[in-house]
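Engineer: Chains A and B, in that order, give the protein sequences. Per the numbering used here, residue 348 is the first one in the first sequence, and the count goes up by one each step. Per the numbering used here, residue 5 is the first one in the second sequence, and the count goes up by one each step. Dropping a structure here in structure tokens format, bear with me for questions.
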Amino acid sequence: MMLLSGDPPRGRVLSALLIVIVLALALTPFLFPGAKAMNVAAKICIFAALVASYDLLLGYTGTVSFAHTMFYGIGSYALAIALYGMGPTWSAVAVGLVVGLPVAAMLALGIGLFSLRVQAIFFAMITLAVASAFLVLASQLSWLTGGEDGRSFRLPELLRPGTVLLSKDTLGFEINGRTLTYYIVFAASGAMILALLRIVNSPFGRVLQAIRENPFRAEALGYRTVFHLTYANCISALVAACAGVLNALWLRYAGPDTSLSFSIMIDILLMVVIGGMGTIYGAILGATIFILAQNYLQALMGAASRAAGEIGLPLLPGLLHPDRWLLWLGLLFIASVYFFPTGIVGRLRAPAK
Amino acid sequence: MSVTLETRDLTIRFGGHVAVNRVSCVFRPGELTAIVGPNGAGKTTYFNLISGQLRPTVGQVLLAGDDITRLSAPLRTRAGLGRAFQLTNLFPNLSVEENVRLAVQAAAGVHYDMLRPWMKRADLIARADAILEEVALASRRAVAATALSHGDQRKLEVALMMALEPKVFMFDEPTAGMSVDEVPVVLDLIARLKRDTSKIILLVEHKMDVVRSLADRIIVLHNGQLVADGEPAAVIASPIVQEAYLGIAPGKTAA
Chain A
348 MMLLSGDPPR GRVLSALLIV IVLALALTPF LFPGAKAMNV AAKICIFAAL
398 VASYDLLLGY TGTVSFAHTM FYGIGSYALA IALYGMGPTW SAVAVGLVVG
448 LPVAAMLALG IGLFSLRVQA IFFAMITLAV ASAFLVLASQ LSWLTGGEDG
498 RSFRLPELLR PGTVLLSKDT LGFEINGRTL TYYIVFAASG AMILALLRIV
548 NSPFGRVLQA IRENPFRAEA LGYRTVFHLT YANCISALVA ACAGVLNALW
598 LRYAGPDTSL SFSIMIDILL MVVIGGMGTI YGAILGATIF ILAQNYLQAL
648 MGAASRAAGE IGLPLLPGLL HPDRWLLWLG LLFIASVYFF PTGIVGRLRA
698 PAK
Chain B
5 MSVTLETRDL TIRFGGHVAV NRVSCVFRPG ELTAIVGPNG AGKTTYFNLI
55 SGQLRPTVGQ VLLAGDDITR LSAPLRTRAG LGRAFQLTNL FPNLSVEENV
105 RLAVQAAAGV HYDMLRPWMK RADLIARADA ILEEVALASR RAVAATALSH
155 GDQRKLEVAL MMALEPKVFM FDEPTAGMSV DEVPVVLDLI ARLKRDTSKI
205 ILLVEHKMDV VRSLADRIIV LHNGQLVADG EPAAVIASPI VQEAYLGIAP
255 GKTAA
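Here's what the structure looks like:
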């Protein structure tokens, strides 16, 4: 993880946690071969990259954007529409990438140049407006996007679950197209996070921090902050769009609920805050904890509730009833923000410094 | 060719109030000019007009003969105007070292390099270290700027300007609010800069003893107007300065 950036995680517990998470994600197809575990692991990979790209904006430049899911959606839809329209071929995948990523970057450039030179609140409002417009467009242009239903599509032969690359007889477990898709998601997400780490630790990244700290002084030093902010916005949008492509690739589907909705935006915000803003590493921890809680808290509570019921404790079985999982998720977040205002990474790094 | 800084008829109006009123002045290399005047005379506004934080209503700023009036603050900095602010203006949560490194990086023109890690730029790191030594902040290098004492923050403010290696140094009350034993460190720094005769140094200062010991020339601003300009001894002795500092409106005695 200290690869390429000169910014190690700093802190033994933090390093250990990151190694455990990365190893678990790398070995998921063998350790937890079930469909649900694979889905959760892929989602963690994709969101770690997505959240890291949001951290570049929020944590490093202090810019609040509500358009992040829009870029995520552009990536998802680009791949989905290309594969839906052109059939399950690799050239369709290429078209999706070649169209989707530049569209995301250009849109980010436009929004940035238009609104980043004025106050931050204006930028936040503009992104909110553009993102809302995009959401409406995506659900109205049914002929293109499939409307509320979204677009399901088939992947190229190689990536389909039915394609067996290594049969069970050779190694004791099967490697099929789905496994390969997972590793594409894993590797691409990892590469994006490493790239972001590299960027934030570059001279450019330092200027971003300077702008967050004191934009007026950054200008007085000779930095034209509008350009730095706009570039950061474009990079962030590009990575988000790539994460969107991976999302569509994994789900074989793109629709408003899985790639554009504002609830995803809120999830991203929570993950950044829980993990620790301005660290990039926080994105990995935030995404892991959030998505694990989202997927397994309910089951865990069900088990706890039953156990409490069997012992005959009063009140607890009701409180821990699986239907109450959202309440507990909310309490967990409040507690984490209260106890770790600088996020988990900030907390784990603090004593070292 | 010597690089001069010039303001021509520099004027800014805020509504009906004329904060700086037709100030024309030429500043030459090797000269330390002190700008004095009572509170509200327009000294800091004049600085802001020169370094680009404010745009003039009328008038021009010229550096080495080029009209830089239309340039933004960052571009003026790149053209060679260095500014240390009156109200300390740092990157509060970054360390002292990182503050200076940012200025060194700006001076080196490294703006958008996003592919190489910072730590690989040994040249920039060495330069920042040298500046930290020079302003006697090396021992505080890892401390966040916000945690420094007021005096050390002022020193860091000056360090950022020095790191820019500007042609024009603009000090805005560098010793304001400093304790007695901290003042000499900053004055020494300014005196050392003075030895480089290719630099233009502007100094806004209230303390007359500081002005007297450092300045080659004094200009006096009063109600936004340039009311006196000349040798320190002569200007200080002139009735207009005596009166301006006593708070009596000029004009009555100004011939």
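Idealized CB from N, CA, C, for every residue including glycine.
Just to check my reading of the structure: Val104 (chain B) and Leu164 (chain B) have Cβ atoms closer than 8 angstroms, yes? What is that Cβ distance to the nearest angstrom?
Structural biologist: Val104 (chain B) to Leu164 (chain B), Cβ: 7 angstroms. Contact.
Engineer: Using a Cβ cut-off of 8 angstroms (strictly closer), state whether Gln90 (chain B) contacts chain A.
Structural biologist: Cβ-Cβ to chain A under 8 angstroms: no for Gln90 (chain B).
Engineer: Under a Cβ-count criterion, where at least 16 other Cβ atoms within 10 Å of its own Cβ denotes burial, should Met349 (chain A) be classed as buried or exposed?
Structural biologist: Residue placement at Met349 (chain A) cannot be trusted, given a pLDDT of 46 that sits under 50; what the coordinates show is reported in the next sentence. Exposed.
Engineer: Determine the burial state of Ser683 (chain A): buried for a count of at least 16 other Cβ atoms within 10 Å of its Cβ, exposed for fewer.
Structural biologist: Buried: at least 16 other Cβ atoms inside 10 Å.
Engineer: So, helix, strand or coil for Val62 (chain B), using DSSP?
Structural biologist: Looking at Val62 (chain B) - three-state DSSP - the assignment turns out to be strand.
Engineer: Where does Thr658 (chain A) land, buried or exposed, given buried means 16+ other C-beta within 10 angstroms?
Structural biologist: First, the residue type needs correcting, since residue 658 (chain A) is Ile and not Thr in the sequence shown. Classification for Ile658 (chain A): exposed.
Engineer: I need the boundaries of the alpha helix (DSSP H) containing Val367 (chain A), first residue and last residue.
Structural biologist: Here the alpha helix (DSSP H) through Val367 (chain A) covers Arg359 to Leu378.
Engineer: Rounded to whole angstroms, what is the Cα-Cα separation between Leu75 (chain B) and Ala130 (chain B)?
Structural biologist: Going from the Cα of Leu75 (chain B) to the Cα of Ala130 (chain B) covers about 31 angstroms.
Engineer: List, from N- to C-terminal side, the alpha helix (DSSP H) runs of 4 residues or more that fit wholly inside the region 531-598 of chain A.
Structural biologist: As far as the region 531-598 of chain A is concerned, its whole alpha helix (DSSP H) runs of at least 4 residues are 550-560, 562-567 and 572-598.
Engineer: Could you tell me the distance, in whole angstroms, from the CA atom of Trp490 (chain A) to the CA atom of Tyr431 (chain A)?
Structural biologist: Computed Cα separation, rounded: 12 angstroms.
Engineer: Have a look at A:Met433, A:Arg464 and A:Gly420 and flag the residue whose alpha-carbon is nearest the alpha-carbon of Ala451 (chain A).
Structural biologist: It is A:Gly420.
Engineer: Have a look at Ser608 (chain A) and Thr416 (chain A) and give me their C-alpha separation to the nearest angstrom.
Structural biologist: Each residue's Cα considered, the two are about 7 angstroms apart.
Engineer: What are the uninterrupted segments assigned as alpha helix (DSSP H) that are 4 or more residues long and contained completely in the region 606-652 of chain A, given in chain order?
Structural biologist: Within the region 606-652 of chain A, the complete alpha helix (DSSP H) runs of at least 4 residues are 609-622.
Engineer: Should Met648 (chain A) and Pro669 (chain A) be called a contact, given that it needs their Cβ atoms to be closer than 8 angstroms?
Structural biologist: Yes.
Engineer: Around the Cβ of Phe481 (chain A), are there at least 16 other Cβ atoms within 10 angstroms (buried) or fewer (exposed)?
Structural biologist: It is buried - the Cβ of Phe481 (chain A) has at least 16 other Cβ atoms within 10 Å.
Engineer: Report the residue from B:Asp156, B:Gly41 and B:Tyr50 whose alpha carbon sits nearest the alpha carbon of Cys29 (chain B).
Structural biologist: Of the candidates B:Asp156, B:Gly41 and B:Tyr50, the one whose C-alpha sits nearest the C-alpha of Cys29 (chain B) is B:Tyr50.
Engineer: Taking Leu448 (chain A) and Leu585 (chain A) to be in contact with their CB atoms under 8 angstroms, please state how far apart those CB atoms are, rounded to whole angstroms.
Structural biologist: With a Cβ gap of about 6 angstroms, Leu448 (chain A) and Leu585 (chain A) count as contacting.
Engineer: With a cut-off of 8 angstroms on the beta carbons, I'd call Tyr628 (chain A) and Pro356 (chain A) a contact; round off their distance for me.
Structural biologist: About 5 angstroms separates the two Cβ atoms, so the contact holds.
Engineer: Helix, strand or coil: which one does DSSP assign to Asp200 (chain B)?
Structural biologist: Asp200 (chain B) falls in the coil class under three-state DSSP.
Engineer: From this set, A:Ala650, A:Ile615, A:Gly656 and A:Ala651, which residue's C-alpha is nearest Ile636 (chain A)'s C-alpha?
Structural biologist: Closest option to Ile636 (chain A), Cα to Cα, is A:Ile615.
Engineer: For the alpha helix (DSSP H) holding Arg158 (chain B), just list the boundary residues, first then last.
Structural biologist: Start and end: His154 to Ala167.
Engineer: Using a Cβ-Cβ cut-off of 8 angstroms, state whether Phe95 (chain B) counts as contacting chain A.
Structural biologist: Yes, Phe95 (chain B) lies at the interface with chain A (some Cβ there is under 8 angstroms from its Cβ).
Engineer: Output needed for Ile16 (chain B): all residues of its chain with C-beta closer than 7 angstroms, excluding positions within five of it in sequence on either side, in chain order.
Structural biologist: Result list for Ile16 (chain B): Ala23, Val24, Thr49, Leu53, Leu58, Pro60 and Thr61, in chain order.
Engineer: Select from B:Asp220, B:Pro243 and B:Gln64 the residue whose C-alpha is nearest the C-alpha of Ile39 (chain B).
Structural biologist: Nearest of B:Asp220, B:Pro243 and B:Gln64 to Ile39 (chain B), Cα basis: B:Asp220.
Engineer: What residues of chain A sit near Arg82 (chain B), judged by a beta carbon separation below 8 angstroms?
Structural biologist: Ordered by position in chain A, the residues that pass the 8 angstroms Cβ test against Arg82 (chain B) are Gly569.
Engineer: Compare the C-beta of Val7 (chain B) with all C-beta atoms of chain A and state if any pair is closer than 8 angstroms.
Structural biologist: With 8 angstroms as the cut-off, Val7 (chain B) does not count as an interface residue toward chain A.
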